[in-house]
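>
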Amino acid sequence: MTLNAIRPAEFPWFPYEGFTFCLGLSEGDNVWTSGHTSAAFDAEVGKMTVGGTMEQQARIAYEKVLTILAGAGLGPEDVTRITENVTLSGLPDYEAAASVRRELFGAHEPVVRTVVVERLVRRTAFLEVELHAVKGGGTELRAASEARDAGAWAASPIREGHDGTVYLPTVVPLDEHGDVVSPGDFVGQYAYCLDRADALLRETGLSLDHAVTTYDYSTPETRDEYRRSHRVRKERLGGAGVYPGAGGILMSRLHAPGVLVAMDVTASRHPLELVNPGWSRYDTLTYSPGVKAGRTLFMSGFAALDMETQEALHPGDIGAQAEATFGSILELLAHAGLGPTDLLETVEYCVESAIPEYRAVAPVREKLLSEPWPASTGAICKALLRDEFLLEVFPMALYPAGDEGSEA
237 MTLNAIRPAE FPWFPYEGFT FCLGLSEGDN VWTSGHTSAA FDAEVGKMTV GGTMEQQARI
297 AYEKVLTILA GAGLGPEDVT RITENVTLSG LPDYEAAASV RRELFGAHEP VVRTVVVERL
357 VRRTAFLEVE LHAVKGGGTE LRAASEARDA GAWAASPIRE GHDGTVYLPT VVPLDEHGDV
417 VSPGDFVGQY AYCLDRADAL LRETGLSLDH AVTTYDYSTP ETRDEYRRSH RVRKERLGGA
477 GVYPGAGGIL MSRLHAPGVL VAMDVTASRH PLELVNPGWS RYDTLTYSPG VKAGRTLFMS
537 GFAALDMETQ EALHPGDIGA QAEATFGSIL ELLAHAGLGP TDLLETVEYC VESAIPEYRA
597 VAPVREKLLS EPWPASTGAI CKALLRDEFL LEVFPMALYP AGDEGSEA
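Here you go:
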């Protein structure tokens, strides 16, 4: 099977052809959508606009992604994982979006990941929604009612989706009473998030040894302490001989006052295989450039970095940084025997100061990527772990069914 762009018969919000991303991709009974806000083309002003309350925006955003799902023959009952990017301006009203989600999905509860972002590309947007789905809704490994002791932000189930992939809800350092764990201690909170993820995975018969990615979100104030997370990761990860992929994004603030880090952990039931084109920088790091598990290639976040000298490339030029970033991704894909058509999804984080130049990324995608175009999501962060970086991309790819190296 190959990845196919989903083209709904009717999609009234905007003409979706001509972009360097698709509305969503399907392969067999699996669907991945791009991230969607409530943005719609306004013919009177000749451009995309966003308005309304959080509830109104959530309804439109969910209507859009569910329309895309329907275009592939799936519905709300088939969704395995939801990512909701909620802006700092929308965070106080986030419960309104959660209420819309609960109304639309009813008794079926997907895994919910909540990523607090600085803002979205459309300045007035409060929420962006992205879905993964598999016919039948995947396998519920832990019910939501039993998961609520993980804290208010993790009150969703744990599900297994495509190709043995296991999704955890966002882990936040809040205890069962909603109190911050290890106040003021970034390293302590980081350790808590990994330990909590391990405990949740063990209840499904897995552990952190099965983790394929750990994407974390912290604040600029913790940047100087971030390197101290190396010891925490070294003690807890890589037990199966392969470190997971990783990425780190900085926002002005996170889910609740006093929260210094939040984490999204993904695991797989398949054996893990390191994928590295020979980049020696990863020899001493606690994360891998790529991890193959079954037919899926999970990857770390990539920015404009010289893999040999570790020099940040093209300071101040987001277009050139995008070319270097996607160039590294394609180099990893080529080493894995894959190409641009196998790129399943990309999540792009652009730093707030580079928003005026962000449009320079699209021509780079058009030049280096190809149809059916990956499912893509874009959000704005306050900063990245190195001041010189303006863009970081979290990619994922899928080996074709029956591929010689596949464990499918």
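Under the numbering used here, the sequence shown is numbered contiguously, ending at residue 644.
Think of the CB as a built atom: it goes at the ideal place given N, C-alpha and C, for glycine as much as any other residue.
(1) Is the beta carbon of S270 closer than 8 angstroms to that of E354?
(2) Could you tell me which residues DSSP pairs with K300 in its beta bridges?
(3) Distance check for G483 and H466, CA to CA, integer angstroms please.
(4) Let me check one thing: in DSSP terms, what residues is T256 bridge-paired to?
(5) Y453 and V352 look like a contact to me (Cβ under 8 angstroms); what is the Cβ gap, rounded to whole Å?
(6) Can you tell me the Cβ-Cβ gap for M284 and G326, rounded? I've got them flagged as a contact below 8 angstroms.
(7) Does DSSP classify I554 as helix, strand or coil?
(8) I need the DSSP call for E331, collapsed to helix, strand or coil.
(9) Give the DSSP-derived three-state secondary structure of M487 in the structure shown.
(10) Where does A383 land, buried or exposed, given buried means 16+ other C-beta within 10 angstroms?
(11) Return helix, strand or coil for S504, following the three-state DSSP convention.
(12) Three Cβ pairs or more, each shorter than 8 angstroms: is that satisfied between the stretch 619 to 626 and the stretch 536 to 555?
(13) Helix, strand or coil for K283 per DSSP?
(14) Helix or strand or just coil, what does DSSP make of A476?
(15) Which same chain residues, not among the five before or five after V478, have their C-beta less than 8 angstroms away from its C-beta?
(16) When you compare the CB positions of A598 and T256, do they come within less than 8 angstroms of one another, or not?
(17) I'd like to know whether the C-beta atoms of V336 and A294 end up nearer to each other than 8 angstroms.
(18) Grab the span of the alpha helix (DSSP H) containing R438 for me, first residue to last.
(19) Going by C-alpha distance, which of T238, C617, R489 and V357 is nearest P328?
(20) Should K300 go down as buried or exposed, given a rule of 16 or more other Cβ atoms within 10 Å for buried?
(21) How many angstroms separate the CA atom of A297 from the CA atom of P493?
(22) From the DSSP output, in three-state form, read off A386 for me.
(23) If G373 sits next to V315, beta carbons under 8 angstroms apart, how far is it from one beta carbon to the other, in whole angstroms?
(24) Buried or exposed: F362, going by 16 or more other Cβ atoms within 10 Å of its Cβ?
(25) Going along the chain, which residues of its own chain have a beta-carbon closer than 6 angstroms to the beta-carbon of A529, five neighbours each way excluded?
(26) Determine whether the beta carbon atoms of T522 and R459 lie at a separation below 8 angstroms.
(27) If you compare alpha carbons, which of L579, R595 and A619 is closest to L605?
(28) Within the continuous beta strand (DSSP E) that includes L580, where are the two ends?
(29) Where in the stretch 338 to 403 do unbroken runs of the beta strand (DSSP E), each at least 3 residues long, occur, reported from the N-terminal end onward?
(30) Could you check whether the Cβ of L634 sits closer than 8 angstroms to any Cβ belonging to chain D?
(31) Restricting to Cα atoms, I'd like to know which of N512, T455 and Y426 is closest to H571.
(32) Helix, strand or coil for T522, going by three-state DSSP, please let me know.
(33) Have a look at H550 and E313 and give me their C-alpha separation to the nearest angstrom.
(34) In terms of residue numbering, what span does the alpha helix (DSSP H) encompassing A598 cover?
Reading it off the structure:
(1) Contact: no.
(2) BP columns for K300 are empty, so no partner.
(3) 13 angstroms
(4) BP columns for T256 are empty, so no partner.
(5) 7 angstroms
(6) So it is not a contact: roughly 18 angstroms between Cβ atoms.
(7) helix
(8) helix
(9) Three-state DSSP puts M487 in coil, outside helix and strand.
(10) With a pLDDT of only 48 at A383, under the threshold of 50, the placement of this residue in the model should not be trusted; the figure read from the coordinates follows. Buried: at least 16 other Cβ atoms inside 10 Å.
(11) strand
(12) Touching, yes, given that three or more Cβ pairs across the two stretches are closer than 8 angstroms.
(13) strand
(14) DSSP places A476 in coil when its eight states are reduced to three.
(15) L508, E509, L510, S524 and V527
(16) In this structure, T256 lies closer than 8 angstroms to A598 by Cβ.
(17) yes
(18) For R438, the enclosing alpha helix (DSSP H) stretches over residues F422 to R438.
(19) Scanning T238, C617, R489 and V357 for the CA closest to the CA of P328 turns up R489.
(20) It counts as buried.
(21) Going by C-alpha positions, A297 is about 27 angstroms away from P493.
(22) Confidence at A386 is low in this model, with a pLDDT of 42, below 50, so its placement is unreliable and the value that follows should be read with caution. Residue state, collapsed to three classes: helix.
(23) 7 angstroms
(24) By the neighbour-count rule (16 or more Cβ atoms within 10 Å), F362 is buried.
(25) V448, S504, H506 and L508
(26) no
(27) Taking only the C-alpha atoms, the option nearest L605 is L579.
(28) L579 to V587
(29) The beta strand (DSSP E) runs lying completely inside the stretch 338 to 403 and spanning 3 residues or more are 347 to 353, 363 to 370, 375 to 378, 394 to 396 and 401 to 403, given in chain order.
(30) Considering every chain present, this structure includes no chain D. It has just one protein chain.
(31) N512
(32) If DSSP states are grouped into helix, strand and coil, T522 belongs with coil.
(33) 45 angstroms
(34) V597 to L604
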